[in-house]
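Below: the structure, in structure tokens.
Chains as they are written, first to last, in the numbering used here: chain Y, 1 to 119; chain E, 1 to 109.
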């Protein structure tokens, strides 16, 4: 299957600082990438959909000025948590959809996640 | 919006046992995927199965789209099968993947 990488895998930062998380599709082109958030013992909640070359679409209740998303190329999307607070501590997971013509067409693949702790 | 319900929420098995996990969804879907989230948080794709039946080793899945449910079968379970199993659906080609609440499986040696 297709591979999605995420960096960093974990980060600890001080309250008020900004943190950038990178998501890359390694062996396929992803015109659409997704950012999810997961709290302990809960399911994944979609935060935003990121389309290459255009503005991201945010889910209801997600602050677009706090969670900045950039999808500058077909293989890279970034999520920046601005002015982080302890309540932003969570597990952030990116995902990419394979829109090629191969066997994985239309299937969605997930990165390994980034564990953010804000002190 | 579409509702995705998974059952059971928790399951404890002895190694070697078989199990069936269920996913019900409230609307017609374009895509359905099963994932296994391992203890480190990585989601592993198990099946892309909007309809029909697929098998991969000890795992198999069946989706009956007309009746809006999907089943994941795990046979001869192993301790490494432990983790959370998620079902996720998408309504249309360009839509978003909606996750169920998951089934947490624990396989005891």
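Using N, Cα and C, we set each Cβ at its ideal position, and we do this for glycine too. Computed from a predicted model, the values in this text were never measured in an experiment.
Measuring CA to CA, which of the options is closest to residue i?
i: residue 78 (chain Y); options: Y:34, Y:116, Y:86 and Y:14; result: Y:34
i: residue 33 (chain E); options: E:87, E:108 and E:103; result: E:87
i: residue 54 (chain Y); options: Y:62, Y:36, Y:39 and Y:32; result: Y:32
i: residue 1 (chain E); options: E:29, E:103, E:7 and E:18; result: E:29
i: residue 25 (chain E); options: E:64, E:81 and E:38; result: E:64
i: residue 7 (chain Y); options: Y:80, Y:65 and Y:15; result: Y:80
i: residue 41 (chain Y); options: E:103, E:109, E:107 and E:108; result: E:103
i: residue 98 (chain Y); options: E:45, E:4 and E:38; result: E:45
i: residue 22 (chain E); options: E:31, E:6 and E:52; result: E:6
i: residue 90 (chain E); options: E:31, E:8 and E:41; result: E:31
i: residue 119 (chain Y); options: Y:110, Y:90, Y:23 and Y:63; result: Y:90
i: residue 114 (chain Y); options: E:85, E:49, E:47 and E:42; result: E:42
i: residue 51 (chain Y); options: Y:76, Y:86, Y:2 and Y:93; result: Y:76
i: residue 116 (chain Y); options: Y:4, Y:18, Y:5 and Y:3; result: Y:18
i: residue 38 (chain E); options: E:62, E:82 and E:108; result: E:82
i: residue 85 (chain E); options: E:68, E:92, E:105 and E:69; result: E:105
i: residue 53 (chain E); options: E:66, E:71, E:101 and E:67; result: E:71
i: residue 92 (chain Y); options: Y:39, Y:62, Y:106 and Y:107; result: Y:39
i: residue 12 (chain Y); options: Y:108, Y:21 and Y:59; result: Y:21
What does DSSP give as the partner residue(s) for residue i in the beta ladder?
i: residue 33 (chain Y); result: Y:50 and Y:96
i: residue 116 (chain Y); result: Y:11 and Y:90
i: residue 108 (chain E); result: E:14
i: residue 90 (chain E); result: E:31
i: residue 60 (chain E); result: E:55 and E:73
i: residue 43 (chain E); result: E:37
i: residue 22 (chain E); result: E:7 and E:71
i: residue 151 (chain Y); result: The first residue shown for chain Y is 1 and the last is 119, placing residue 151 (chain Y) beyond what the model contains.
Locate the beta strand (DSSP E) running through residue i, then write down its first and last residues.
i: residue 20 (chain Y); result: 19 to 25
i: residue 72 (chain Y); result: 67 to 73
i: residue 64 (chain Y); result: That residue, residue 64 (chain Y), is in no beta strand (DSSP E); it is neither H nor E in DSSP.
i: residue 39 (chain Y); result: Careful: residue 39 (chain Y) lies outside any beta strand (DSSP E) and carries neither H nor E.
i: residue 81 (chain Y); result: 76 to 81
i: residue 28 (chain Y); result: Note, residue 28 (chain Y): premise wrong, no beta strand (DSSP E); not H, not E.
i: residue 101 (chain E); result: From DSSP, residue 101 (chain E) is part of no beta strand (DSSP E); its letter is neither H nor E.
i: residue 108 (chain Y); result: 108 to 110
Would a check of beta-carbon distances place residue i closer than 8 Å to chain A?
i: residue 60 (chain Y); result: This model lacks chain A altogether; the protein chains it does include are Y and E.
With a cut-off of 8 Å, do at least 3 Cβ pairs link the stretch 4 to 21 of chain E to the stretch 67 to 78 of chain Y?
no
State whether the stretch 42 to 57 of chain Y contacts the stretch 90 to 102 of chain E, with contact taken as three or more CB pairs (one from each stretch) at a distance under 8 Å.
yes
The stretch 71 to 83 of chain E touching the stretch 50 to 63 of chain E, judged by at least three CB pairs closer than 8 Å:
yes
Contacting positions in the stretch 21 to 51 of chain E - beta carbon closer than 7 Å to chain Y
31, 33, 41, 42, 43, 45 and 48
Which residues, in order along the stretch 80 to 102 of chain E, keep a beta-carbon less than 9 Å from a beta-carbon of chain Y?
84, 86, 88, 90, 93, 94, 96, 97, 98, 99, 100, 101 and 102
Proximal residues, the stretch 25 to 44 of chain Y versus chain E, C-beta separation under 9 Å:
32, 34, 36, 38, 41, 42, 43 and 44
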